[in-house]
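For reference, the structure is listed below as structure tokens.
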């Protein structure tokens, strides 16, 4: 009987070939470890890629938009001119005859002053845009 790294061997030199190899004794453990290490490598790569991306783009910022001029509503301007409307009231104390009203859909309508007053007070739908004198 002789001693070998895998244990005692009796007789023939080929007898040790029938003994399990130390590398083959734990194939499942080796497989798990290999996959766990590969998964850790993937996680490390993802974290590193994220850090590099954030570092490379941290200095980039959007430029503030240039202030835009308010859009001119030609229909509003036309109605205000046709009906002699104002958004601030009449300086000579004239009593308005009608009101320029914007409904929920955004459409403009010329309504009576009473209807416009009700919208201003919140008892009727709509938004008062201007008060108007009689059309010319």
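Numbering (UniProt numbering), first residue to last: 1 to 136. C-beta atoms are modelled at their ideal positions from N, C-alpha and C, and glycine is treated no differently.
C-beta contact flag for residue i and residue j at 8 Å
{"i": "residue 110", "j": "residue 79", "result": "yes"}
{"i": "residue 118", "j": "residue 86", "result": "no"}
{"i": "residue 96", "j": "residue 113", "result": "yes"}
Unbroken beta strand (DSSP E) run spanning residue i, endpoints
{"i": "residue 123", "result": "Per DSSP, residue 123 belongs to no beta strand (DSSP E) and is neither H nor E."}
{"i": "residue 99", "result": "98–102"}
{"i": "residue 88", "result": "Careful: residue 88 lies outside any beta strand (DSSP E) and carries neither H nor E."}
{"i": "residue 133", "result": "It is not in any beta strand (DSSP E) - residue 133 carries neither H nor E in the DSSP assignment."}
Assigned exposure category for residue i - 16 Cβ within 10 Å defines buried
{"i": "residue 145", "result": "The requested residue 145 does not occur in the structure, where the chain is confined to residues 1 to 136."}
{"i": "residue 53", "result": "exposed"}
{"i": "residue 99", "result": "buried"}
Assumed close pair residue i, residue j - CB separation to whole angstroms, cut-off 8 Å
{"i": "residue 102", "j": "residue 132", "result": "Not really, about 14 Å apart at Cβ, beyond 8 Å."}
{"i": "residue 120", "j": "residue 76", "result": "Wrong, their Cβ atoms sit about 18 Å apart, outside the cutoff."}
Close-in-space but distant-in-sequence residues of the same chain around residue i (CB under 8 Å, 5 per side omitted)
{"i": "residue 89", "result": "131"}
Span of the alpha helix (DSSP H), counted from its first residue to its last, around residue i
{"i": "residue 74", "result": "74–82"}
Same chain only: Cβ atoms within 7 Å of residue i, ignoring 5 sequence neighbours per side
{"i": "residue 94", "result": "133"}
Minimum Cβ-Cβ distance from residue i to chain B less than 8 Å
{"i": "residue 101", "result": "In summary, chain B is missing from the structure at hand, where a single protein chain is found."}
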